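These notes are about the structure you will find just below.
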Amino acid sequence: MMDRQMIVWDFLLDYYFRAETTGWERLPDSASMLIGIHSGTWLTMDAWTFCFDWYRHFRGRRVLHGTAHDALMAMPGIGTYFRNLSVIPAKRESIGAAFDAGHDVIIWPGGEVDAMRSWRKRHTVVLGGRKGFIRQAIRSGVPIVPVATCGGSDTVFVLSEGRKLAKMLGLKKLLRSDMAPLVLGFPFGLTLEAFPMHIPLPAKIRTEILDPVDIDNDPDRANDTVYVDQKYKEIEDRIQEGVNRLAKKRRGWFFG
């Protein structure tokens with residue numbers, strides 16, 4: 474299915490988002506767990522541009538599975554579309570099976586807290602304190618490759634994360650979401666985005682694949698809180714350094 478879409482994504486990658494991905498040479502030869510951040514509320518264009526750029530780079534030689542929130546995977550139409558693009562639920566069983574098949578997996582641990590963060594926090598790495606991915610890497614015996622990105626937050630401007638409003642509206646029960654962001658975007662201007670309601674603006678997106686983080690494959694490490702916390706901090710710091718580096722290259726929200 475990705476082949477059939479590349480005529481569209483080639484245009485989006487090269488001309489609309491002017492996407493740049495560097496650091497391919499840093500990828501280990503074996504299957505890896507990539508850890509990144511994403512932005513843009515429901516339509517995380519920095520995540521999509523990276524996944525399609527990966528496909529364009531490897532042309533099927535390496536399969537990358539994106540991961541998605543249960544709410545998105547359950548949406549009519551969207552969930553089917555995601556599955557056809559090899560997106561898998563961000564669950565232990567699905568991720569473990571992908572590694573068993575020798576495939577790469579990218580995870581955005583921060584989830585909606587990351588994707589819907591305020592524009593004021595656009596250059597702040599948010600992994601949400603979620604450390605299960607480290608235990609998964611230990612269990613599966615795969616290296617962790619941090620991925621930094623910058624520019625996705627400029628495809629729509631999140632003015633407020635809407636945590637209190639989401640609670641009032643009961644979105645946790647309806648959509649398994651703790652946030653109802655107030656955004657400024659195209660074509661509706663100021664909008665409460667409890668579900669996708671904007672067309673992403675053509676902001677330039679830069680992504681950098683960073684050096685792998687060594688992970689001890691001793692299964693007992695998965696229960697070592699000190700070790701897991703240490704690796705979490707190391708990965709978070711690596712990504713933040715990468716984001717800071719990419720942010721310095723930006724000349725404006727459009728020109729990047």
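Numbering (our numbering), first residue to last: 474 to 729.
Where a beta carbon is used, it is the ideal one built from N, C-alpha and C, also for glycine.
Since we're looking at a predicted model, the values are computed, not measured.
Inter-residue CB distance, His671 and Val656 (contact presumed, cutoff 8 Å): 6 Å
Residue from Tyr554, Asp487, Glu666, Asp693 whose Cα sits closest to the Cα of Ser591: Comparing alpha carbon positions, the residue from Tyr554, Asp487, Glu666, Asp693 closest to Ser591 is Glu666.
Pick from Gly569, Gly583, Leu632 that is closest to Ile708, judged by C-alpha positions: Gly583
Residues near Ser567 in its chain [Cβ-Cβ closer than 6 Å; skip 5 each side]: Excluding positions up to five away in sequence, the list reads Ile561.
Inter-stretch contact (C-beta, 8 Å, three-pair minimum) for the stretch 508 to 515 and the stretch 525 to 538: no
Simplified DSSP assignment, three categories, for Thr698: helix
Rounded separation between Arg593 and Ser503 - CA only: 37 Å
Residues near Leu500 by beta carbon distance below 7 Å, same chain, minus five either side: Only Val618, Ile682 meet the Cβ criterion.
Given Asp627 as reference, the closest of Ala541, Pro675, Gly601 once Cα atoms are compared: Ranking Ala541, Pro675, Gly601 by CA distance to the CA of Asp627 puts Pro675 first.
Val631 beta carbon less than 8 Å from that of Met589: yes
Inter-residue Cα distance where the pair is Ile678 and Val598: 16 Å
Cβ-Cβ distance between Pro692 and Arg612 below 8 Å: Less than 8 Å divides the Cβ of Pro692 from the Cβ of Arg612.
Backbone CA spacing between Asp476 and Ile688 [nearest angstrom]: Asp476 and Ile688 have their alpha carbons spaced roughly 34 Å apart.
Opposing strand residues paired with Cys623 [DSSP bridges]: According to DSSP, Cys623 bridges with Arg679.
Straight-line gap, Glu634 to Gly601 (C-alpha atoms, nearest Å): 14 Å
Per-residue DSSP class, three states only, for Cys562: First, the residue type needs correcting, since residue 562 is Pro and not Cys in the sequence shown. Looking at Pro562 - three-state DSSP - the assignment turns out to be strand.
Same chain, Cβ closer than 6 Å to Ser505, neighbours up to 5 away in sequence not counted: Asp577, Val615, Pro616, Val618
Nonlocal neighbours in the same chain, by C-beta distance under 6 Å from Lys604, ignoring five residues either side: Val701, Tyr705
Beta-carbon gap between Gly539 and Cys524 smaller than 8 Å: In this structure, the beta-carbon distance from Gly539 to Cys524 falls below 8 Å.
Span of the alpha helix (DSSP H), counted from its first residue to its last, around Phe555: 551 to 557
Backbone CA spacing between Thr698 and Gly715 [nearest angstrom]: 26 Å
For Thr514, the first and last residue of its enclosing beta strand (DSSP E): No beta strand (DSSP E) holds Thr514; DSSP gives it neither H nor E.
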